[in-house]
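Enquirer: Shown below is the structure under consideration.
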Amino acid sequence: MTQYAHPEAIVDIEWVKNNLNNPKVRIVEVDYDPKLAYEQGHISGAVLVDWRKDMNDPVQRDIIGPEAFEKLMSRLGIANDTTVVLYGDYNNWFAAFAFWVFKLYDHDDVKILNGGRKKWIDDVGELTKEVPNYPQTQYKVKRINLEDRVFLQDLLKLKAANPNLVLVDVRSPAEFKGEITAPPEYANEQTQRAGHIPGAVNIPWAQAVNDDGTFKSVEELKKLYGEKGVTSDKDIVTYCRIGERASHTWFVLKYLLGYKNVKVYDGSWTEYGNLIRFPIVKEV
Amino acid sequence: MNIEGCEIPDDLYYDVENDIWVRGVGENLYQVGLTLPFFYRVGRPTRIKPRPVGSSIKKGSSLATVETPNYVGALYSPFNCEITSINENIVENIVKNPYKTWVVQLRAVENPLDSGLLAGEEAKAIYEEKLRTGKVACFKTFPEHKIIVLAETCEKILTIVGDYFFKHVKKGESLYVVTQDPATEVDMIKWAKDMKQEVLEIRRQDNIIHVLYRKVT
Chain A
1 MTQYAHPEAI VDIEWVKNNL NNPKVRIVEV DYDPKLAYEQ GHISGAVLVD
51 WRKDMNDPVQ RDIIGPEAFE KLMSRLGIAN DTTVVLYGDY NNWFAAFAFW
101 VFKLYDHDDV KILNGGRKKW IDDVGELTKE VPNYPQTQYK VKRINLEDRV
151 FLQDLLKLKA ANPNLVLVDV RSPAEFKGEI TAPPEYANEQ TQRAGHIPGA
201 VNIPWAQAVN DDGTFKSVEE LKKLYGEKGV TSDKDIVTYC RIGERASHTW
251 FVLKYLLGYK NVKVYDGSWT EYGNLIRFPI VKEV
Chain B
1 MNIEGCEIPD DLYYDVENDI WVRGVGENLY QVGLTLPFFY RVGRPTRIKP
51 RPVGSSIKKG SSLATVETPN YVGALYSPFN CEITSINENI VENIVKNPYK
101 TWVVQLRAVE NPLDSGLLAG EEAKAIYEEK LRTGKVACFK TFPEHKIIVL
151 AETCEKILTI VGDYFFKHVK KGESLYVVTQ DPATEVDMIK WAKDMKQEVL
201 EIRRQDNIIH VLYRKVT
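Heads up: the sequence lines are chains A and B, in that order. Residues in the first sequence are numbered consecutively from 1, following the UniProt record's numbering. Residues in the second sequence are numbered consecutively from 1, following the UniProt record's numbering.
Structure, rendered in structure tokens:
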């Protein structure tokens, strides 16, 4: 089996078991719903990132700013040279989003636990409800990396001028076709219109993972994306509804397959599907 | 006994914190399963994967992974034990009959009562408190759908309920709505009447309203 393009971005269960007490490593559980996940039991020593509260700006629609990121890292006892291992619920959806944020703030060493919560419980089954406390650090954001993110205005320029662009819509087929604006359980993430951005291809994020929550092999992933024209020579933008599943696919394309030009459009459908006089495609 | 509509049989032992029941079935042999409130809390399971037969499991470690559309967690072992058998293919029916559908059978290597399990009556007061603070209630039939709707106005609450109900609930299925003020029981019942739908059950818990609707048309 071919090795992933960036093996340093991913660790397995054994690696985590062997590094539970490593002071240079911080294990972070990133949850959408901590009450049903972290609070019910987590990997020993793991700290919590509550995706809604900790990763998003409380006022404007944006990820947290650099100062808030510094505060968060310092509170979690993460220093600039700490190796951070992210894992979480929902097959690592939100862990992948956090990975993207860590990369935006140029954290050196961040990894995803392949298989997330599910694989850990399946294979190890050791969890704790104890919340650890680590000494506060003085984290400093040294550089903001803009390569992995695209805002609406730039997306529109890319769409108009770059024939090499591929837009990957990673939502469910029902959302892509326009049968629904959002799954029913996400009442706050509805849009005025249902459908997708013209020209986008639909490759639901979940097709990149196995039943046990681990990522598929390089061969399987290359086939999955290649069949829809998403190849290493393309300029790729991923989007979903609010940006978290898009960062999962971004991680797969950039770090597992090694594609160079991949960005997340985190405005995603909740931005695009609300624009006035912007053509969209609805298939139903 | 029945707490907040949830059946909690008197003749079992409980780890209330983790929603686990235990039944003695022979010398040092015990069946272990999940209580009805557990499923009302996390939803209908899509996958239950027990650890292999023969595994030695310490108290507090996982006997099985339980997964629903929005949850993945462990069935924690209530005492030090060895797994002697596992119950296959239980995902479909476990919510209908949670106390007959055991997940794993264990051989205890310590007296389970020394591990803090509570007998039915002893568990009652603790379970009552847990369900009230956790805003959990049960109904006579397990619903296909559940939404929690907290909004600023009653009108908005009913809009969200209606949107979900008519988009996602099929004829004959039920929708469990958890809501609170400014919605009232009267509003929730009137909505069903206006929409020509059925209210199967309604439960009140402090300022929380639990309503079970059924789609009839």
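Even glycine gets a Cβ: it sits at the ideal position worked out from N, Cα and C.
In chain B, which residues lie less than 8 Å from Ile121/A when you measure between Cβ atoms?
Expert: Within the first sequence, the letter at position 121 stands for residue 121/A. Those within 8 Å of Ile121/A in chain B are Ser62, Thr65, Val72, Gly73, Ala74.
Enquirer: Do Ser62/B and Leu109/B have their beta-carbon atoms positioned less than 9 Å apart in this structure?
Expert: Locating residue 109/B in the second sequence gives position 109, counting from the first residue. Locating residue 62/B in the second sequence gives position 62, counting from the first residue. The amino acid at residue 109/B is misidentified as Leu; the sequence shows Val. Not a contact, by the Cβ cut-off of 9 Å.
Enquirer: Below 7 Å between beta carbons is the criterion; list the residues of the region 27-55 of chain B that meet it against any residue of chain A, in chain order.
Expert: Val42, Lys49, Arg51
Enquirer: Alpha helix (DSSP H) containing Thr270/A: first to last residue?
Expert: Taking the first residue of the first sequence as 1, we reach residue 270/A at position 270. Run containing Thr270/A: 268-272, per the alpha helix (DSSP H) assignment.
Enquirer: Cβ closer than 7 Å: which chain B residues qualify as neighbours of Gln40/A?
Expert: As a first step, residue 40/A must be located in the first sequence, where it is residue number 40. Under the 7 Å cutoff, chain B gives Gly73.
Enquirer: Could you please give the first and the last residue of the uninterrupted alpha helix (DSSP H) stretch that includes Glu201/B?
Expert: On the second sequence, position 201 is the one that residue 201/B refers to. Here Glu201/B belongs to no alpha helix (DSSP H); instead the beta strand (DSSP E) covers 198-205.
Enquirer: Report the rounded CA-to-CA distance for Asp33/A versus Asp50/A, giving the unit in angstroms.
Expert: Position 33 of the first sequence, counted from the first residue, corresponds to residue 33/A. Position 50 of the first sequence, counted from the first residue, corresponds to residue 50/A. Computed Cα separation, rounded: 7 Å.
Enquirer: Contact defined as beta carbons within less than 8 Å: I believe Tyr186/A pairs with Ile203/A. What is the distance between those atoms, to the nearest angstrom?
Expert: Position 186 of the first sequence, counting from 1, holds the residue named residue 186/A. Position 203 of the first sequence, counting from 1, holds the residue named residue 203/A. Not really, about 20 Å apart at Cβ, beyond 8 Å.
Enquirer: Given a limit of 7 Å on CB to CB distance, which residues of the region 105-129 of chain A reach chain B?
Expert: Arg117, Lys118, Ile121, Asp122, Gly125, Glu126, Leu127
Enquirer: Give me the Cα-Cα distance between Asn93/B and Asp15/B, rounded to the nearest whole angstrom.
Expert: In the second sequence, the residue the question calls residue 93/B occupies position 93. In the second sequence, the residue the question calls residue 15/B occupies position 15. Approximately 22 Å, taken between the alpha carbons.
Enquirer: Start and end of the beta strand (DSSP E) containing Pro173/A?
Expert: Residue numbering aside, residue 173/A sits at position 173 when the first sequence is read from its first letter. Run containing Pro173/A: none in the beta strand (DSSP E); it sits in the alpha helix (DSSP H), 173-177.
Enquirer: Going by alpha carbons, who is nearest to Leu167/A out of Val252/A, Lys234/A, Tyr255/A, Phe102/A?
Expert: For the purposes of this step, residue 167/A is identified with residue 167 of the first sequence, where counting begins at 1. The residue with the shortest Cα to Cα distance from Leu167/A is Lys234/A.
Enquirer: Within 9 Å (strictly less), CB to CB, does Glu37/A reach chain B?
Expert: Indexing the first sequence from 1 puts residue 37/A at position 37. Strictly speaking, residue 37/A in this sequence is Ala, with Glu absent from that position. Yes, because at least one Cβ of chain B sits closer than 9 Å to the Cβ of Ala37/A.
Enquirer: Quick one: grab the DSSP three-state call for Gln207/A.
Expert: One-based indexing of the first sequence puts residue 207/A at position 207. If DSSP states are grouped into helix, strand and coil, Gln207/A belongs with the helices.
Enquirer: Of the choices Phe102/A, Trp93/A, Gln3/A, Leu146/A, whose alpha-carbon is the least far from that of Asp81/A?
Expert: By one-based count along the first sequence, residue 81/A stands at place 81. The shortest Cα separation from Asp81/A among Phe102/A, Trp93/A, Gln3/A, Leu146/A belongs to Phe102/A.
Enquirer: Cα separation between Phe94/A and Gln205/B?
Expert: The residue you call residue 94/A lines up with position 94 of the first sequence. The residue you call residue 205/B lines up with position 205 of the second sequence. Roughly 33 Å separates the two Cα atoms.
Enquirer: Helix or strand or just coil, what does DSSP make of Thr231/A?
Expert: By one-based count along the first sequence, residue 231/A stands at place 231. Thr231/A sits in coil when the DSSP states are folded into three classes, being neither helix nor strand.
Enquirer: Determine the chain B residues that contact Asp89/A at a beta-carbon separation under 7 Å, and present them in chain order.
Expert: The residue labelled residue 89/A in the question sits at position 89 within the first sequence. Near Asp89/A (Cβ distances below 7 Å), the residues of chain B are Val72.
Enquirer: Between which two residues does the beta strand (DSSP E) carrying His42/A extend?
Expert: Numbered from 1 along the first sequence, position 42 holds the residue referred to as residue 42/A. Run containing His42/A: none; DSSP gives neither H nor E here.
Enquirer: Could you compute how far the alpha carbon of Gln192/A sits from the alpha carbon of Pro198/A?
Expert: Within the first sequence, residue 192/A is the residue found at index 192, counting from 1. Within the first sequence, residue 198/A is the residue found at index 198, counting from 1. C-alpha separation (whole angstroms): 17 Å.
Enquirer: Using a cut-off of 8 Å between C-beta atoms, extract the partners of Asp31/A located in chain B.
Expert: The count along the first sequence starts at 1 and reaches residue 31/A at position 31. The premise fails here: Asp31/A is roughly 11 Å from chain B at the closest Cβ pair, so nothing lies under 8 Å.
Enquirer: Could you check what DSSP says for His107/A in three-state terms: helix, strand or coil?
Expert: Here residue 107/A is taken as the residue at index 107 of the first sequence, counted from 1. Looking at His107/A - three-state DSSP - the assignment turns out to be coil, as it is neither helix nor strand.
Enquirer: Would you list, in sequence order, the uninterrupted alpha helix (DSSP H) runs of no fewer than 4 residues that lie entirely inside the region 126-197 of chain A?
Expert: 152-161, 173-177
Enquirer: Does the pairing of the region 20-34 of chain B with the region 160-178 of chain B give three or more beta-carbon distances under 8 Å?
Expert: no
Enquirer: For chain A, find out if any of its Cβ atoms is closer than 9 Å to the Cβ of Ile57/B; answer yes or no.
Expert: Taking the first residue of the second sequence as position 1, residue 57/B is located at position 57. Ile57/B counts as touching chain A.
Enquirer: Run the CB neighbour count on Phe142/B, radius 10 Å, all protein chains shown included, and call it buried at 16 or more, exposed below.
Expert: Counting from one through the second sequence, the residue named residue 142/B turns up at place 142. By the 10 Å Cβ count, Phe142/B comes out buried.
Enquirer: Mind reading off the beta-carbon distance from Asp54/A to Ile63/A? Whole number of angstroms is fine, and I expect it under 8 Å.
Expert: What you label residue 54/A is simply residue 54 of the first sequence in a count that begins at 1. What you label residue 63/A is simply residue 63 of the first sequence in a count that begins at 1. At roughly 10 Å, the Cβ-Cβ gap does not stay under 8 Å, so Asp54/A and Ile63/A are not in contact.
Enquirer: Measuring alpha carbon to alpha carbon, tell me which residue in Val178/B, Val25/B, Tyr99/B is nearest Gln105/B.
Expert: As a position in the second sequence, residue 105/B is number 105, starting the count at 1. It is Val25/B whose Cα lies nearest to the Cα of Gln105/B.
Enquirer: Under 7 Å Cβ to Cβ from Glu219/A, same chain only, skipping five residues before and after it: list those, please.
Expert: As a first step, residue 219/A must be located in the first sequence, where it is residue number 219. Hits under 7 Å: Thr2.
Enquirer: The alpha helix (DSSP H) that contains Thr249/A, what's its start and end?
Expert: Along the first sequence, one-based indexing puts residue 249/A at 249. Segment 244-251, the alpha helix (DSSP H) holding Thr249/A.
Enquirer: How big is the Cα-Cα spacing for Gly115/A and Lys49/B?
Expert: Taking the first residue of the first sequence as 1, we reach residue 115/A at position 115. Taking the first residue of the second sequence as 1, we reach residue 49/B at position 49. Pairing Gly115/A with Lys49/B, the inter-Cα distance amounts to about 15 Å.
Enquirer: Taking the C-alpha atoms as reference points, what is the distance between Cys81/B and Val53/B?
Expert: On the second sequence, position 81 is the one that residue 81/B refers to. On the second sequence, position 53 is the one that residue 53/B refers to. Straight-line Cα distance between these residues: approximately 11 Å.
Enquirer: Fully enclosed by the region 122-166 of chain B, which alpha helix (DSSP H) runs are 4 residues long or longer?
Expert: none
Enquirer: Within 8 Å, do at least three Cβ pairs link the region 122-135 of chain A to the region 143-154 of chain A?
Expert: no
Enquirer: Report the residue from Gln197/B, Val186/B, Leu158/B, Glu4/B whose alpha carbon sits nearest the alpha carbon of Ser174/B.
Expert: Mapped onto the second sequence, residue 174/B falls at position 174. Closest option to Ser174/B, Cα to Cα, is Gln197/B.
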